[in-house]
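Each remark here refers to the structure printed beneath this line.
Chains as they are written, first to last, in the working numbering: chain A, 419 to 1022; chain B, 419 to 1022.
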């Protein structure tokens, strides 16, 4: 069954067969590409291109790079992803969180090593591409599963706040550096008296305008009689409108001479061919940050891709996605870009605009190439405050208070991991924050499994079912102790079980039988087996018979390989009921109690 | 019930009540100390003292320290442990593996930092003591549970081999340094032509003699008519005999002038009061090695303590053990010692010789103090080859091929972790070896939990019990899919379950119900809850009702906090049988099948 997927049209295709199309998904959709699909893709591409021009410039600024790097990072990577990626809607390019991580990495690395900032950005993209590609070829896509959703959501929230605050400097027109909240906020506060009021007017105006475009413009346009499609288009062009208006203002009133920072001269060029610095020293310094950027970028990208694919019943192959993103990043490093990944907002826009195949991405790339060739002189007077406003409005949608609140209600443990991630990201920077959060969530899980829940169980009347004696009214026998172990047994919890059993039996002189109900034991490793052998011996010395029940097939197979079953004083029973009836002194009473007729629905 | 323990004499005491005796176990046994116990303790102390004199000198040499350091490290630490420790048989002092780790650490640190070797040893013991004490006060004894038995056994095996090979240089009388097998073996091989034949004769003779003492002497003595007790005593004094004989040989034949390396002048003194170097640079460099030494030492010590305590139905408190070992190491750092822990052979000898209370340790300390004061001139001519022989014979008993073989049969995964530990310890050194082994065993466990076993289950005739359709002959209904999830659901495996279900149902057009049997689900975290919500929605779109069965109490409590149960299309049933009978189209047939009389024992 595995390997099949149902396409939107209902036809079945094999998505995992090992053919050329495994590595080149384009062969799959390219062979049936129709005129109708092309028209849909073209429409989507126009909308996405218009949206991407200011966004690309802005994220380049966030990464600390010249604006054209943002355009370059959106052209070849999109093309490469459309060749290798499995998502039909994902739009690849610079995104907020990865740009922030890029800036933090490059600031640190260029201080320690004598290398140009832009060159180091190429190396970072190249290394990130190599890591992603390697992971894809080794089929390590599952690694992303170890990053817990709440932790990632907390990390992205904190990054959003960091980015928004860091962009305030452009809105105020002051100098401020730093990669943690206290640093940035402190630096901005120290220079707040030097605020350029004209810059502030442009920046604040753009922010208000962009917020209104997001929330109020579309309904207003529709109320004014526009078709929803057209209203959508205009709403998405909002940032471009802000760019055009503020650029004209600066140009018309000579505001650049009044201290308003502008983008300035941007070369008119297609993405240049560039070579990253591959000195060992630089690559060694970049390895850890590149790995973090790769994994975070991959997680972000695959979440978007899967969300969109689910809506159309398409399938995403995580390993192939790694290859697609790896190719995109290698492309970025060879064409003047910086690390890229699949972005949420641009992909959603692409999807909503009706993109049907990755060809939409190719058309977008062409659009951006045209922009890079012909439109860059037009943004000479574009104020940086406008770009900062674009970023601020975009990243505030990353702030996800809902997950924080949800985790608080559902589990204090999940909340703890999220809170630590948010606080460390804000206080100590992105790398430490996300690493600590991911490790903490794994450690908490491991700690949990090392102290397994063990329940003493009894028979529920009218059933053959055994439940916790503390939570249900059940039948027990004072000579029989039935314990349900709610965890796989492995080295970290074997000793806990041992102590639990000894503590429980030490004063119980009536006890003749201990039955371990293994319905929740999915694995018994060698350490745990040794412990079970010890428990068996110790109970034997005390005159107590040890039996097991409901041992799963794979576990039973494993037990048969050792000598444990030969020495076991009792038996292994198919069900807890069979075990209980077999060892109790009153089997007939037990059978009668099980046969009574009772209601069986647990809740609702 | 927890907190009670049964003493050897059958009386019950509380071992976890928070009183003075929680931190000073001596208050517990001291108040009832009898003359008979004192006699037993004294006898044991004499035997252990005789055994410890050569052993202490030898382990000091292994750690790269002057011989007296071994005696000092055995005196105050034993006394302090007897005040704070919970084991009544544990003998604390220098042990082989910790001495090896000490040598590796000090060689590295004294190369990088300008500090004396012996002073750095004091700092290492002090830092290790502080770490153990802190862990004890924070009740972090459970951390030891995360070191899997097979990995530790592999590490100790590899350490034994490393130690034995490293001591060959003393047996051959050549110079050789290094902390990995290739380094040491290479160095010895390079100098093998410079072998001092007299040294070799002494060393090889001592090895053969000591092996014979271990295996052949005791039976021979008994055959010659000695009482077993006396034979035991003489067998344990074997190393002393070797020391005396070889020392006399060197002295009598002037062998030290013929190139036989001797111990030389050892000061006659009680343990001196020493202060470790506490410069930040040194402590920072020592932190990681000290933590490793502490944890490995703790694990080794607590295994011995628990093995011996189990035999007498005594209880070991891991957190208090940390405090006892911490105090012992702090004591070692203030009295000219080096890192210590509870040793296997010395503790077993202590136990076998009849030690009843920690007072035996105190008497041993007095015996060693007497030796340090009066006997050191006698070992001037003691050849280093004899000490090396003592070490080699002692550590070869650490080599545990059984666990390696056992893990190979039982589980290739356990074997893999052990093999990696052994190879890395031999090839790259102790720190890397044990760290890699422990991390690998945890990663393998995490990987396992991320790909949970999911079984399609059906009703076993004659029971209300459901088992895997692939392993048992069971009853199923084509409109009902019953899936048993053999794992807690958490962030690392939620997506796996989602894909599994979609893959399974995508072609099954008859399906009307999916029941997730949650008997093995001990926890559902927030990420997994979100996934269940998604699965519920997706199945609803396909017209399939999702139900759960056998949800455990704590998990149910958690689910009630969210809105998942409100949106669930089906119900939560107490048992899988209730769920199946409720949703199947033929409930009467199902009931009749369950009531049939069949044999129920799974195996044996």
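Heads up, the beta-carbon is just placed ideally off N, CA and C, and yes, glycines get one too.
- Residue-level contact by beta carbon holds for residue 905 of chain B and chain A, with a gap shorter than 9 Å.
- Within the region 917 to 947 of chain B, the beta strand (DSSP E) runs of at least 3 residues that lie entirely inside it are, in chain order, 931 to 935.
- Per DSSP, the continuous beta strand (DSSP E) segment holding residue 886 of chain A begins and ends at 884 to 886.
- Neighbourhood of residue 881 of chain B in chain A, by CB distance below 9 Å: 882, 992, 993, 995, 996, in chain order.
- Between the region 535 to 545 of chain A and the region 519 to 527 of chain A there are three or more C-beta pairs closer than 8 Å, enough to call the two in contact.
- The C-beta of residue 560 of chain A comes closer than 9 Å to at least one C-beta of chain B.
- Within chain A, the residues whose beta carbon sits less than 8 Å from that of residue 976 of chain B are 828, 829, listed in sequence order.
- Residues of chain A with a Cβ closer than 7 Å to the Cβ of residue 970 of chain B are, in chain order, 904.
- Contacts between residue 568 of chain A and chain B, judged by CB atoms closer than 7 Å, involve 944, 945 in chain order.
- Residues of the region 922 to 940 of chain B whose Cβ lies closer than 8 Å to any Cβ of chain A, in chain order: 922, 924, 925, 937, 938, 939, 940.
- Within chain A, no C-beta atom comes less than 8 Å from the C-beta of residue 716 of chain B; the nearest is roughly 13 Å away.
- Of all C-beta pairs linking the region 677 to 696 of chain A to the region 530 to 538 of chain A, three or more are shorter than 8 Å, placing the two stretches in contact.
- If you draw a 10 Å sphere on the C-beta of residue 557 of chain A, you find fewer than 16 other C-beta atoms in it, and that means exposed.
- CA-CA distance, residue 812 of chain B to residue 578 of chain B, rounds to 9 Å.
- In the DSSP secondary-structure assignment, residue 739 of chain B is not bridged to any residue.
- Listed in chain order, the alpha helix (DSSP H) runs fully inside the region 748 to 787 of chain B are 762 to 770, counting runs of at least 4 residues.
- DSSP places residue 903 of chain A inside the beta strand (DSSP E), whose first and last residues are 898 to 903.
- Shown in chain order are the members of the region 854 to 877 of chain A whose Cβ falls below 9 Å from a Cβ of chain B: 859, 860, 863, 864, 865, 866, 867, 868, 869, 870, 871, 873.
- The beta carbon of residue 565 of chain B falls within 9 Å of a beta carbon belonging to chain A, placing the residue at that interface.
- Here DSSP, grouped into helix, strand and coil, assigns residue 535 of chain A to helix.
- Of all alpha-carbon atoms in B/790, B/889, B/584, B/932, the one lying nearest the alpha-carbon of residue 472 of chain B is that of B/790.
- Within a 10 Å sphere around the beta-carbon of residue 861 of chain B sit fewer than 16 other beta-carbons, which makes this residue exposed.
- About 6 Å separates the beta carbon of residue 901 of chain A from that of residue 934 of chain A, a gap short enough to meet the 8 Å contact definition.
- When Cβ-Cβ separations below 9 Å define contact, residue 821 of chain B makes contact with chain A.
- Assignment of beta-bridge partners to residue 510 of chain A by DSSP yields A/760.
- Residue pairing by DSSP puts residue 680 of chain A in a beta bridge opposite A/801.
- Using a Cβ distance threshold of 9 Å, residue 553 of chain A and residue 726 of chain A do not count as a contacting pair.
- If the five residues before and after residue 559 of chain A are omitted, its C-beta is found closer than 6 Å to the C-beta atoms of 736, 737, 740, all from its own chain and listed in chain order.
- In chain order, 510, 746, 749, 750, 758 place their CB closer than 6 Å to the CB of residue 495 of chain B, counting only its own chain and leaving out the 5 sequence neighbours on each side.
- Between residue 490 of chain B and residue 754 of chain B, the CB-CB gap stays under 9 Å.
- The Cβ neighbour count for residue 819 of chain A, taken over all protein chains shown within 10 Å, is under 16; the residue is labelled exposed.
- The beta carbon of residue 954 of chain A does not come within 9 Å of any beta carbon belonging to chain B, so the residue lies off that interface.
- The three-state secondary structure of residue 643 of chain A, taken from DSSP, is coil.
- In this structure, the straight-line span from the alpha carbon of residue 969 of chain B to that of residue 876 of chain A is close to 16 Å.
- Remark: three or more beta-carbon pairs, one from each stretch, lie closer than 8 Å, so the region 852 to 868 of chain B and the region 905 to 921 of chain B are flagged as touching.
- When the beta-carbon positions are compared, residue 802 of chain B and residue 680 of chain B come within less than 9 Å of each other.
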